[in-house]
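J.: I'd like to ask you about the structure that follows.
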Amino acid sequence: MELDFTRLVPGCSFFDLIRAREPGVLPHFVPPNREAGEGVPGVPMGTTVLALKYQTGIVIAGDRQATEGYQVASRRIEKVYATDEHSAVAIAGAAGPCIEMVRLFQTELAHYEKIEGMNLSLEGKANRLAQMVRTNLPLAMQGLVVVPIFAGFDLKRGDGRIFKYDVAGGRYEETEFYSIGSGGKDARSSLKKLYRAGLSEDDAIRIALEALYDAADEDRGTGGPDFVRGIFPTVKLVTASGALDVPEQRVAAMCAAIMEARKGTP
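Counting from 837, one number per residue, gives the positions in the sequence shown under this note's numbering.
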């Protein structure tokens, strides 16, 4: 009896399993009908996200706005997700494919843990995410770009680490901070001026919020704190204790302090 190797379970990777068993459920390339003017109109785009290192881990944060061209598509979109106990990812790009990739990545890490009985190393997690970004390249060439920031606490090293990606799945490590999205350049400019080694938790959160505020001030796609609707950036901490949410009340209080401090120095 001849074995059909395409039906065998490909190791401990849920992503590889889906590609082998049910490739049709994954996003795939559909050539646009240029004569009919088909493209990707009306696709919500999420920006801006950032991560920075501090004394005991990583702060990873993002604004809450998604846009469709010149319109606001959503004011409450989530761009920062815990992926397992000691890692988190922030997404920038086409909102639908971004969220789909995050969910698949979360399942991938949980599947590995169940099959192997242990967590994947932080390097391994970063490499698996790179593989998913690389698989999305055909869609990225149609305009459905997904570019994440991955942050995790490396238990072996006892240190927080930040990884960035390009649309082709290239993976690079940043030692201090990084930001991406339509307001990414403005946020990085802010981080360059404010960042210093050995930040406390409070200082790191405030600097992250300052950078998002600066991005919103310059970039129409990035949403600032909305005190009328009670909408504030999403902020998570990734430490040896796990991936933790910073309470919204704490974020709101810091945003209010930042705005008060800037009243006299616009």
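Heads up, the beta-carbon is just placed ideally off N, CA and C, and yes, glycines get one too.
Because the structure is a prediction, the values reported are computed rather than measured.
Check residue 977 in the structure and name its three-state DSSP category.
T.: DSSP places residue 977 in coil when its eight states are reduced to three.
J.: Tell me, please, whether the stretch 919–934 touches the stretch 983–991 by the rule of three or more beta-carbon pairs shorter than 8 Å.
T.: Contact holds: three or more Cβ-Cβ distances are below 8 Å.
J.: May I ask you to report which of helix, strand or coil DSSP gives residue 1057?
T.: It is coil, neither helix nor strand.
J.: Hey, out of 890, 883, 881 and 885, whose CA is closest to residue 1034's CA?
T.: Taking only the C-alpha atoms, the option nearest residue 1034 is 890.
J.: Identify whether residue 1007 lies in helix, strand or coil by the three-state DSSP scheme.
T.: In the structure shown, residue 1007 sits in a strand (DSSP, three-state: E or B).
J.: Which residues mark the beginning and the end of the beta strand (DSSP E) in which residue 904 is found?
T.: Residue 904 -> beta strand (DSSP E) spans 902–904.
J.: Does DSSP put residue 995 in a helix, a strand or coil?
T.: Three-state DSSP puts residue 995 in a strand.
J.: Suppose contacts are defined by Cβ-Cβ distances below 8 Å. Is residue 1057 in contact with residue 1019 by that definition?
T.: Contact flag set, yes.
J.: Relative to the C-alpha of residue 1017, which residue among 1074, 1059, 1077 and 1082 is closest?
T.: The option with the nearest alpha carbon to residue 1017 is 1059.
J.: Can you check whether the CB of residue 1072 is closer than 8 Å to the CB of residue 1087?
T.: Not closer than 8 Å, so no.
J.: Out of 980, 1053 and 918, which has the shortest C-alpha to C-alpha gap to residue 897?
T.: When each option's Cα is compared against that of residue 897, the closest is 918.
J.: Would residue 999 be called buried (16 or more neighbouring beta carbons within 10 Å of its own) or exposed?
T.: Buried.
J.: Please tell me whether residue 968 and residue 991 are closer than 8 Å, where the distance is taken between their beta carbons.
T.: Their beta carbons are not under 8 Å apart, which means residue 968 does not touch residue 991 by this criterion.
J.: Sort 915, 944, 923 and 914 by Cα distance to residue 1079 and report the nearest one.
T.: The shortest C-alpha separation from residue 1079 is found at 923.
J.: Should residue 1030 and residue 1043 be called a contact, given that it needs their Cβ atoms to be closer than 8 Å?
T.: Taking 8 Å as the Cβ cut-off, residue 1030 and residue 1043 qualify as a contacting pair.
J.: Going by the C-beta, is residue 1070 closer than 7 Å to any heavy atom of the ligand FMN?
T.: Among the components modelled here there is no ligand, and therefore nothing to report on the ligand FMN.
J.: List, from N- to C-terminal side, the alpha helix (DSSP H) runs of 4 residues or more that fit wholly inside the stretch 918–968.
T.: Segments of the alpha helix (DSSP H) lying fully in the stretch 918–968: 931–952.
J.: Does DSSP put residue 1075 in a helix, in a strand, or in coil?
T.: If DSSP states are grouped into helix, strand and coil, residue 1075 belongs with the strands.
J.: Within a Cβ cutoff of 7 Å, which residues of the same chain sit near residue 962, ignoring the five residues on either side of it in sequence?
T.: Within the same chain, residue 962 has close Cβ partners 986, 999 and 1007.
J.: Output yes or no for whether 8 Å exceeds the beta carbon distance between residue 980 and residue 930.
T.: Against a cut-off of 8 Å, the Cβ pair of residue 930 and residue 980 comes out as a contact.
J.: Distance, Cα to Cα, residue 894 vs residue 971?
T.: Distance between the alpha carbons of residue 894 and residue 971: 27 Å.
J.: Quick one: Cα of residue 1075 to Cα of residue 1011, how far?
T.: Near 16 Å, if we compare the C-alpha coordinates of residue 1011 and residue 1075.
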